[in-house]
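Engineer: One structure coming up, written as structure tokens, with questions to follow.
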Amino acid sequence: MGDEQGRRERKKAVTRQRLTDAAVRLFLARGYDAVTVAEVAEEADTALTTLFAHFPDGKQALVFGGSGDRAASLAQAIEGRPVEQDALTAVEEFIAAHGPFDGKRDTETSAVFDLIRTTPALTEYARQRWVRCQDVLARTLTEVGGYGSPAAVDALARFVLESPQIAGAHPRPGQALHEIFDHVRKGWPHVE
Numbered sequence: 063m064g065d066e067q068g069r070r071e072r073k074k075a076v077t078r079q080r081l082t083d084a085a086v087r088l089f090l091a092r093g094y095d096a097v098t099v100a101e102v103a104e105e106a107d108t109a110l111t112t113l114f115a116h117f118p119d120g121k122q123a124l125v126f127g128g129s130g131d132r133a134a135s136l137a138q139a140i141e142g143r144p145v146e147q148d149a150l151t152a153v154e155e156f157i158a159a160h161g162p163f164d165g166k167r168d169t170e171t172s173a174v175f176d177l178i179r180t181t182p183a184l185t186e187y188a189r190q191r192w193v194r195c196q197d198v199l200a201r202t203l204t205e206v207g208g209y210g211s212p213a214a215v216d217a218l219a220r221f222v223l224e225s226p227q228i229a230g231a232h233p234r235p236g237q238a239l240h241e242i243f244d245h246v247r248k249g250w251p252h253v254e
């Protein structure tokens with residue numbers, strides 16, 4: 063039974079990857095708005111219903127692949143951090159590992175990040191993928207403790223989850239992300 067389920071999951075992963083690869087190839091060649099989901103399904107040699115079964119969020123989700131449950135992964139990054147590491151550093155490291163922040167990208171990856179940054183629907187979808195983690199992040203930070211009242215924790219969670227979009231719009235996104243988190247930790251000077 064377990065072997066059959068494992069095989070099924072591997073087959074689904076291959077299909078998801080084929081759809082993502084086809085979508086990215088078409089979007090980079092012709093532009094996001096010029097490509098239909100039907101064309102992506104055809105390019106990937108799958109049915110349109112299969113595309114939507116794997117990507118229920120639709121066309122914009124295709125660029126991001128089957129990236130799993132981001133909120134649960136973020137909570138795990140905080141809960142599984144080294145004892146000496148604070149929760150915000152764990153959040154910063156998690157975000158840095160999921161976007162254009164490390165500066166070590168090949169040409170295709172850079173082109174995909176540029177596509178996301180320059181396509182409003184993709185930029186907003188990327189932002190929403192982070193913002194959807196707010197409740198889980200706030201709950202996890204509350205459990206860790208030391209981040210203030212519930213309203214303060216909600217605000218902190220929302221702010222740091224907006225940071226990928228803000229930092230990603232800058233010429234040096236990794237540096238911008240670090241600067242944002244540095245200000246979150248220390249506060250802003252000259253603000254009274």
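With the working numbering as the guide, the letters of the sequence shown map in order to residues 63 to 254. Where a beta carbon is used, it is the ideal one built from N, C-alpha and C, also for glycine. Because the structure is a prediction, the values reported are computed rather than measured.
(1) Closest to R143 by C-alpha separation, out of D83, F156, A133, would be which residue?
(2) Is DSSP giving Q147 helix, strand or coil here?
(3) Taking the alpha helix (DSSP H) that F126 belongs to, which residues open and close that run?
(4) Looking only at C-alpha atoms, which of P235, R80, R92 sits nearest to F126?
(5) Using 8 angstroms as the threshold, is the C-beta distance between A238 and H232 below it?
(6) Alpha carbons only, please: which of A75, L124, R70, R87 is nearest the one belonging to T169?
(7) Suppose you measure from the CA of L177 to the CA of T171; what does that come to, to the nearest Å?
(8) Among the candidates A109, R179, V97, T202, whose CA atom is the shortest distance from the CA of D148?
(9) Does DSSP put T77 in a helix, in a strand, or in coil?
(10) Suppose the cutoff is 6 angstroms on Cβ atoms and the five residues either side in sequence are ignored; what does the same chain contact list for G120 look like?
(11) Count the other CB atoms within 10 Å of the CB of Q122; is the residue buried (16 or more) or exposed (fewer)?
(12) Let me make sure I understand the geometry here. Which of S211, T112, D131, I140 has the alpha-carbon closest to that of K74?
(13) Spatial neighbours of A200 within its chain, please: C-beta separation below 7 angstroms, excluding the five flanking residues on both sides.
(14) DSSP three-state label for H160, please.
(15) Quick one: Cα of A18 to Cα of A109, how far?
(16) Between the C-alpha atoms of A100 and A183, what's the straight-line distance to the nearest angstrom?
(17) Please specify which runs of the alpha helix (DSSP H), each continuous and at least 4 residues long, are wholly inside the stretch 213-254, giving them in chain order.
(18) Got a sec? Which residues, its chain only, sit under 8 angstroms from V174 by beta carbon, not counting five neighbours each side?
Structural biologist: In this structure, then:
(1) Here residue 143 refers to the residue found at position 81 when the sequence shown is read from its first residue. For R143, the nearest C-alpha among the options comes from F156.
(2) Numbered from 1 along the sequence shown, position 85 holds the residue referred to as residue 147. Coil, per DSSP.
(3) For the purposes of this step, residue 126 is identified with residue 64 of the sequence shown, where counting begins at 1. DSSP places F126 in no alpha helix (DSSP H); its state is neither H nor E.
(4) As a working note, residue 126 is residue 64 in the sequence shown. Comparing Cα positions, the closest option is R80.
(5) As a working mapping, residue 238 is identified with position 176 in the sequence shown. As a working mapping, residue 232 is identified with position 170 in the sequence shown. For A238 and H232, yes; Cβs fall inside 8 angstroms.
(6) Counting from one through the sequence shown, the residue named residue 169 turns up at place 107. Out of A75, L124, R70, R87, R87 has the C-alpha closest to the C-alpha of T169.
(7) Counting from one through the sequence shown, the residue named residue 177 turns up at place 115. Counting from one through the sequence shown, the residue named residue 171 turns up at place 109. Using only the alpha carbons, I get a separation of about 10 angstroms.
(8) Position 86 of the sequence shown holds residue 148. For D148, the nearest C-alpha among the options comes from T202.
(9) Your numbering for residue 77 matches position 15 in the sequence shown. In this structure, T77 counts as helix in the three-state DSSP scheme.
(10) Counting from one through the sequence shown, the residue named residue 120 turns up at place 58. Result list for G120: empty, nothing under 6 angstroms.
(11) Taking the sequence shown and counting its residues from 1, the one referred to as residue 122 is at position 60. Buried is the call here.
(12) Along the sequence shown, one-based indexing puts residue 74 at 12. Out of S211, T112, D131, I140, T112 has the C-alpha closest to the C-alpha of K74.
(13) In the sequence shown, the residue the question calls residue 200 occupies position 138. Excluding the 5 residues flanking it on each side, A200 has same chain C-beta neighbours closer than 7 angstroms at V215, D216, A219, in chain order.
(14) Residue 160 sits at position 98 when you count from the first residue of the sequence shown. The answer is coil: DSSP assigns H160 none of H, G, I, E or B.
(15) In the structure as shown, the chain starts at 63 and stops at 254, and residue 18 therefore has no counterpart that could be examined.
(16) Reading the sequence shown from its first residue, position 38 is the one you call residue 100. Reading the sequence shown from its first residue, position 121 is the one you call residue 183. Between A100 and A183, the C-alpha separation is close to 18 angstroms.
(17) Taking only runs of at least 4 residues, the alpha helix (DSSP H) segments lying wholly in the stretch 213-254 are 235-248.
(18) What you label residue 174 is simply residue 112 of the sequence shown in a count that begins at 1. The residues are V86, L90, V125.
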